[in-house]
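Protein sequences, first through last, are from chains A and B. Numbering that gives the first Met the number 0 puts the first residue of the first sequence at 0, with every later residue one more than the last. Numbering that gives the first Met the number 0 puts the first residue of the second sequence at 0, with every later residue one more than the last. Right, one structure below, let's go through it.
Protein chains: 2
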Amino acid sequence: MSRRDLEFLLHEWLQVTSLTARERFAEHSKQTFDAVLELGEVIATEHFATHNKKADANEPHLGPDGKVVIIPEVKRALDVFVTAGLMAGQLDSSVGGMQLPNVVAKAMQLWFHAANVGTTVYPFLTMANANLVHAHGSPAQVQTYVKPMIAGRFFGTMCLSEPQAGSSLADITTRAERQDDGTYRLTGTKMWISGGEHELSENIVHLVLAKIPGGPPGVPGISLFIVPKVLVHPDGSLGERNDVTLVGLNHKMGYRGGTNTLLNFGEGTHTPGGSAGAVGELLGEAHHGLAYMFHMMNEARVGVGLGATALGYTGYLHSVDYARTRTQGRRPGAKDPSSPPVPIIEHADVRRMLLAQKSYVEGGLALGLYCSLLVDERDTAPDAPARDRAALLLDVLTPIAKSWPSQWCLAANDLAIQVHGGYGYTRDYNVEQFYRDNRLNPIHEGTHGIHAIDLLGRKVTMRAGAGLTLLLDTVEVTVGRAAQAGGVLAEFGAQLHAVSERIAKTTATVHGAGDVNVALANATVYLEAVGHAVVAWMWLEQLLAADGRSGDFYDGKRQAGRFFFRWELPKTGPQLDLLDGMDTTLMDTDPAWL
Amino acid sequence: MSRRDLEFLLHEWLQVTSLTARERFAEHSKQTFDAVLELGEVIATEHFATHNKKADANEPHLGPDGKVVIIPEVKRALDVFVTAGLMAGQLDSSVGGMQLPNVVAKAMQLWFHAANVGTTVYPFLTMANANLVHAHGSPAQVQTYVKPMIAGRFFGTMCLSEPQAGSSLADITTRAERQDDGTYRLTGTKMWISGGEHELSENIVHLVLAKIPGGPPGVPGISLFIVPKVLVHPDGSLGERNDVTLVGLNHKMGYRGGTNTLLNFGEGTHTPGGSAGAVGELLGEAHHGLAYMFHMMNEARVGVGLGATALGYTGYLHSVDYARTRTQGRRPGAKDPSSPPVPIIEHADVRRMLLAQKSYVEGGLALGLYCSLLVDERDTAPDAPARDRAALLLDVLTPIAKSWPSQWCLAANDLAIQVHGGYGYTRDYNVEQFYRDNRLNPIHEGTHGIHAIDLLGRKVTMRAGAGLTLLLDTVEVTVGRAAQAGGVLAEFGAQLHAVSERIAKTTATVHGAGDVNVALANATVYLEAVGHAVVAWMWLEQLLAADGRSGDFYDGKRQAGRFFFRWELPKTGPQLDLLDGMDTTLMDTDPAWL
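Written out as structure tokens, the structure reads:
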């Protein structure tokens, strides 16, 4: 990550210090925000990045006693994280939190995503879990689970997927049967559970989606349960082992340092209270489980985009460093073989790979921070219309904020390998691991294709298209400012305006067909075209914020923005043509032809 | 790989059996060709694919005695390969070869690329080495080195790169000093040497680029040497250990099963004949080393493209299988959550990912086999003009045949992971390894950017543009046939014709600037645009070969071809616009801005 870029985006562009005028953030100042950012940078750099390669090369494994063995650096790093109070950055001061704005907390977390995704998975899931229980749990549940999670005594997980139900959560089969004492007993298998089993904390708090027998089929029948690995007495002391069993560890392409598990609930390995079945507490109301989860998931999705961006960003910085120091070849036309070779940053094609990375990662970062600020606007803006507006804009941007960086900051990591040549393909350098780690992001928290359907099938049609209208109107405000600024800004603004108008027209064309199969057939192309337009908008915003300022940093912004408008935004042309033509190639394909 | 597709491409399209009319291939027939292909399929499937995952998970490592330890399955597979006579597929019958056409030999080799790239590296490098020594060596060198390589007693390597000289071979510093007996002593360090050290064979024959002191600087000073790991007596028996030392093993993202090394020549670890320095024999004439090497390298580059294609192809087949059996979700508009889920191949976005893969891998395969046949045409066509024409067309197509599959069949592997969802990200499935293995291909044998410069800076300008003219004229012949065929073929032909005309114009524009820096600044975009046009041509050729034939196989060809013309070829529009605009964003970038 780049501290200078964060300074630019948070302060010069988004002016986050203005949030301190609001009651919730009144105790904060630019100084406290910057102190938190620096704290994150220092801890991530000194305690997380330092074992990133070792954790990748030494995956968690089962020891002879059946316990999960994790390299000791992980626990030591997490202790530092907890001791610094970072686990409760956004939570209320009443529970010991820092009450940070979301945008500042998310910016601080970037350092950890960039440093070590495997180790970061434990505290980040714990924070998401704590925030969710804090938002929807009873005071007793907050006391029993949230406080020990903030203190780092308990860690948390999210148990959504099952082996047969990933994208389609409606099809989960884990059952939760109500007991006479008001608790539930859960039975079922959960897949892809990060942090699902380990010895890093005294306890693990699983948040589990399950169905209560007799409820409606599909999504409306899903409830959410707190299922601790070890039962907790009312006084907070630990009791019996709950009936949650590790079936196996998943071995992945990347993200290798983080434990990812297949868990059985209620298989009878343990018998709490004398009988099998994992003991769970209902969180909030029955049958609202997926709504609670998606409240968290939507922010988690912006978080995935930011995580993808952080990996792209660190890969970019590594490749710039390499390109400045590695010498190879000579400039075109320089024929003298006895002249000294030049740093490869002198070669046009290496600059292409660096500028492309820069335009992707700084564009993605702007989008992620913009959306993170929308969360604060939604939750704390002084007037209700501003809160509604932020909520609506966030809703329509979320599939893009998740998917665009997952695609393009992964592409950045690919370019970072290429800049390094053969060295980038070895594990002696860092960039191939960044690629492998980042490759998860287009898959989890809703695949690329799922977000495409979310955007085209739901977000741009909801409230009679109000979300898309708001997005395009907001883009037009920026275009208007660019027109005022004149010069190349006006030129880029006009280019964005034209694409924006096409998107409105294409959206109407696609939905005008009246056949949901036809409308959604090319949803991914739509997601990608709108995504590029949105990031072009983010670039125009950055160029406006940099306008009139001089120096290498601002010149770099201008050049990367120019790259995006000249090299990237035109890619939307053929995409929108394809959508306008209502191409039916995909639908017309008989599976037997494949 | 698909045997059905090979049958279509080799026999129905390229009609390779017609080669048997030539004297060199007179002993062959469709039956012998098909027998070789089947032999390759059986051996690759039964002896190579079976340890592909194990080799990936158990990299070669140094044992306590300093020897390289490789899992035993590798040696067993290589013994089968050698025993079947496959090491000498293309060589003359006079040295025990099968005298196969290049196109048939390369098609047979596809099965090995698809099955296990790590193990395949040993025999394929040995074959390239043997072919090169056979082409340029003395009868004694052929006797001493080629025959034991064919017999599998010796394996071969190619030693080009050095730690400080990869893309820029002009800068190698390995020295070869002539001795009184006519041999040379070599001193220097070679990097990225696949198969550089192992116990799989009695000896390793290194082909080493080095400079003889006093020669001209740069490329014209490079000579090629045979440097065996163990010296060979004139009677063929093994003598002293030569002064070649393993410095270390490279640990890579993929291709993990194959040994890749850093070697020191002449560091004095061994003292053959009582003094340090690696003993080498000059191959051919002094100062022609790079020319000899590039003779081989050009075919190796088509081979890289075919290898990338084979990995893309097997990933495609794995993902089709997965998509047919994995069930998840329901069709758009099917709201009943109690209805059974559908196989994911029913979802439009999954079909997109499958059709895209199919269009890339079958397009890449057609291009690779077409170029492989051009090698046969160049070497064995009955009349000289046909041989010249083939040589010229092959020359201009080689950077594309190397780079396009390395980019797009890698993209296919990425899509294969995505089709598998979370499972594809685990090492329990095969597709993530295919991606990691394939990621090498845009790097080695000339990086993507180097081939872009080769195409735009050399291939399309050589002989006053004769190569590009020939390429575009050859495309026009296909376009003319498509116009005759009518219907959608004529439509696609017209689309290709328009792109082809733009390419001619854009090429003239770019070179018309008269400034080599400006001309080459956007070379990679040029490579990628021309690449897509060439593969569209290959698809039009396939569609013509399939025209009038019915059945799922031919319908699949038609649908993948349609996908390429509708979804892929239009991507060249913004690329050619950018080139026509002579964009200078890359050149204008000050390194301090990055």
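By construction, the Cβ of each residue, glycine as well, lies at the ideal position given by its N, Cα and C atoms.
Residue i and residue j closer than 9 Å at C-beta
i	j	result
Ala164 (chain A)	Val218 (chain A)	no
Leu373 (chain A)	Ala277 (chain A)	no
Tyr525 (chain B)	Ala451 (chain B)	yes
Ser93 (chain A)	Glu26 (chain A)	no
Arg240 (chain B)	Pro215 (chain B)	no
Val68 (chain A)	Pro122 (chain A)	no
Tyr369 (chain B)	Glu540 (chain B)	yes
Leu223 (chain A)	Ile171 (chain A)	no
Asn521 (chain A)	Leu578 (chain A)	yes
Ala559 (chain B)	Trp536 (chain B)	no
His598 (chain B)	Ala415 (chain B)	Nothing about residue 598 (chain B) can be read from this structure; chain B reaches only from 0 to 593.
Ala309 (chain B)	Met0 (chain B)	yes
Gly257 (chain A)	Thr31 (chain A)	no
Leu38 (chain A)	Leu5 (chain A)	no
Val515 (chain B)	Lys458 (chain B)	no
Lys105 (chain A)	Val301 (chain A)	yes
Leu488 (chain A)	Asp546 (chain A)	yes
CA nearest to the CA of residue i, picked from the options
i	options	result
Ala598 (chain B)	B:Arg462, B:Val81, B:Ser405, B:Thr571	Given a span of 0 to 593 for chain B in the structure shown, any question on residue 598 (chain B) remains unanswerable.
Glu196 (chain A)	A:Val229, A:Asp180, A:Thr182	A:Val229
Met296 (chain B)	B:Ile171, B:Thr156, B:Ser337, B:Ala333	B:Thr156
Leu439 (chain A)	A:Gln574, A:Asn412, A:Leu543	A:Asn412
Val73 (chain B)	B:Ala503, B:Phe47, B:Ala591	B:Phe47
Arg425 (chain B)	A:Tyr254, A:Ser338, A:Leu409, A:Cys408	The question names Arg, but residue 425 (chain B) in the sequence shown is Thr. Considering only alpha carbons, the answer is A:Tyr254.
Gly580 (chain A)	B:Pro100, B:Thr588, B:Arg565, B:Pro573	B:Arg565
Val103 (chain B)	B:Gly181, B:Gly95, B:Asn115, B:Ala87	B:Ala87
Cys361 (chain B)	B:Trp403, B:Leu248, B:Glu345, B:Asp387	Here the sequence assigns Glu to residue 361 (chain B), which means Cys is not the residue at that position. Of B:Trp403, B:Leu248, B:Glu345, B:Asp387, the residue nearest in Cα terms is B:Trp403.
His60 (chain A)	A:Asn259, A:Glu500, A:Arg329, A:Phe563	A:Asn259
Ser338 (chain A)	A:Gln327, A:Glu298, A:Gln178	A:Gln327
Asn51 (chain B)	B:Gly555, B:Arg462, B:Asp436	B:Asp436
Val204 (chain A)	A:Asn130, A:Leu568, A:Tyr434, A:Arg386	A:Asn130
Gly551 (chain A)	B:Ala54, B:Ala481, B:Ala591, B:His443	Reading off the sequence shown, one finds Asp at residue 551 (chain A), where the question assumed Gly. Nearest C-alpha to Asp551 (chain A): B:Ala591.
Per-residue burial, residue i [other beta carbons within 10 Å of its own, 16 or more giving buried]
i	result
Lys401 (chain B)	buried
Ser236 (chain B)	exposed
Val41 (chain A)	exposed
Ala56 (chain B)	exposed
Pro594 (chain B)	Residue 594 (chain B) is absent from the model: chain B starts at 0 and stops at 593.
Arg627 (chain A)	Nothing in the structure corresponds to residue 627 (chain A), since chain A is present only between 0 and 593.
Gly363 (chain A)	buried
Arg548 (chain B)	exposed
His232 (chain A)	exposed
Glu198 (chain B)	exposed
Cβ of residue i within 9 Å of any chain D Cβ
i	result
Ser337 (chain B)	Protein chains in the displayed structure are A and B, and chain D is not among them.
task: Determine which residues of the region 349–369 of chain B have a Cβ less than 7 Å from any Cβ of chain A, and write them out in chain order.
output: Arg350, Arg351, Leu353, Leu354, Lys357
query: Which whole runs of the alpha helix (DSSP H) in the region 329–402 of chain A are 4 residues long or more, in chain order?
result: 347–379
field: Whole runs of the alpha helix (DSSP H) within the region 188–276 of chain A, excluding any shorter than 4 residues
entry: none
Members of the region 13–26 of chain A that neighbour chain B once the beta carbon cut-off is set at 7 Å: Cβ contacts with chain B come from no residue of the region 13–26 of chain A.
message: Please identify, using Cβ separations under 9 Å, the residues of the region 248–263 of chain B that lie next to chain A, in order along the chain.
response: Within the region 248–263 of chain B, the residues whose Cβ lies closer than 9 Å to any Cβ of chain A are, in chain order, Asn249, His250, Lys251, Met252, Gly253, Tyr254, Asn259.
message: So if I threshold CB-CB distances at 8 Å, which residues from the region 419–440 of chain A count as touching chain B?
response: Gly420, Gly421, Gly423, Tyr424, Thr425, Arg426, Asp427, Glu431, Tyr434, Arg435, Arg438, Leu439
Residues of the region 378–404 of chain A with Cβ closer than 9 Å to any Cβ of chain B, in chain order: none
- prompt: In chain order, what residues of the region 157–173 of chain B put their CB closer than 8 Å to some CB of chain A?
  reply: Listed in sequence order: Ser160, Gln163, Ala164, Gly165, Ser166, Ser167, Ala169, Asp170.
message: Can you pull out the residues from the region 543–554 of chain A whose beta carbon lies closer than 7 Å to at least one beta carbon of chain B?
response: Asp551, Asp554
message: Short of 8 Å Cβ to Cβ, which residues in the region 210–244 of chain B face chain A?
response: Pro216, Gly217, Val218
query: Looking at chain B, which residues of the region 488–519 of chain A have a Cβ within less than 9 Å of any of its Cβ atoms?
result: Asp514, Val515, Asn516, Ala518, Leu519
query: Given a limit of 8 Å on CB to CB distance, which residues of the region 47–74 of chain B reach chain A?
result: none
Interface positions of the region 267–293 of chain A facing chain B (Cβ-Cβ less than 8 Å), listed along the chain: Flagged: no residues at all.
Alpha helix (DSSP H) runs contained entirely in the region 412–491 of chain A, provided each spans 4 or more residues: 430–437, 447–453, 461–484
- prompt: Taking Cβ-Cβ distances below 9 Å as the criterion, which residues of the region 441–461 of chain A are in contact with chain B?
  reply: Pro441, Ile442, His443, Thr446, His447, Gly448, Ile449, Ala451, Ile452, Gly456
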